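Asker: Numbering (the working numbering), first residue to last: 7 to 119. Quick one: the structure is below, questions incoming.
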């Protein structure tokens, strides 16, 4: 699941979090209410999505209906997504949904061919 923050004018602090045990945080762990990307799309009908999800971008292939989304800008996190199969699954899913996939710069080598 992904966490969405709607923003506030009140003072707030941002704490690091991760779905993966490769990035442990030394402070106390707390649970937060989460929502899926599909639920965010269904509830807000965005036309553009920007994703920097510290590995969670690999779940783009679980979105069944992108609705009005015409552009997705996403960072592929190599710390957590080094498997070629994960990238190929997301790339194929996005293309099947009608998106053109363009890589800016270069792709680092995957752990397996």
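By construction, the Cβ of each residue, glycine as well, lies at the ideal position given by its N, Cα and C atoms. From a predicted model like this one, the values you see are computed outputs, not experimental measurements.
Using the beta-carbon count (16 or more within 10 Å), is residue 69 buried or exposed?
Answerer: Taking the first residue of the chain shown as 1, we reach residue 69 at position 63. The residue is buried, with at least 16 neighbouring Cβ atoms inside 10 Å.
Asker: Check each candidate in 51, 43, 63, 104 and name the one with the smallest Cα separation from residue 82.
Answerer: Residue 82 sits at position 76 when you count from the first residue of the chain shown. Nearest option by C-alpha distance: 63.
Asker: DSSP three-state label for residue 106, please.
Answerer: Within the chain shown, the letter at position 100 stands for residue 106. Note: residue 106 maps to coil in three-state DSSP.
Asker: If the criterion is Cβ atoms closer than 8 angstroms, does the pair residue 48 and residue 99 meet it?
Answerer: Your numbering for residue 48 matches position 42 in the chain shown. Your numbering for residue 99 matches position 93 in the chain shown. Contact: no.
Asker: How long is the line joining the alpha carbons of residue 84 and residue 112, rounded to whole angstroms?
Answerer: Along the chain shown, one-based indexing puts residue 84 at 78. Along the chain shown, one-based indexing puts residue 112 at 106. Using only the alpha carbons, I get a separation of about 12 angstroms.
Asker: Using the rule of at least 16 other Cβ atoms within 10 Å of the residue's Cβ for burial, across every protein chain shown, is residue 7 buried or exposed?
Answerer: One-based indexing of the chain shown puts residue 7 at position 1. Confidence at residue 7 is low in this model, with a pLDDT of 37, below 50, so its placement is unreliable and no value can be given for it.
Asker: When DSSP labels each residue in this structure, what does residue 13 get in the three-state scheme?
Answerer: In the chain shown, residue 13 corresponds to position 7, counting from 1. Any reading at residue 13 needs caution, since the residue's pLDDT is 45, under 50, leaving its predicted position unreliable; the model's value is listed next. In this structure, residue 13 counts as coil in the three-state DSSP scheme.
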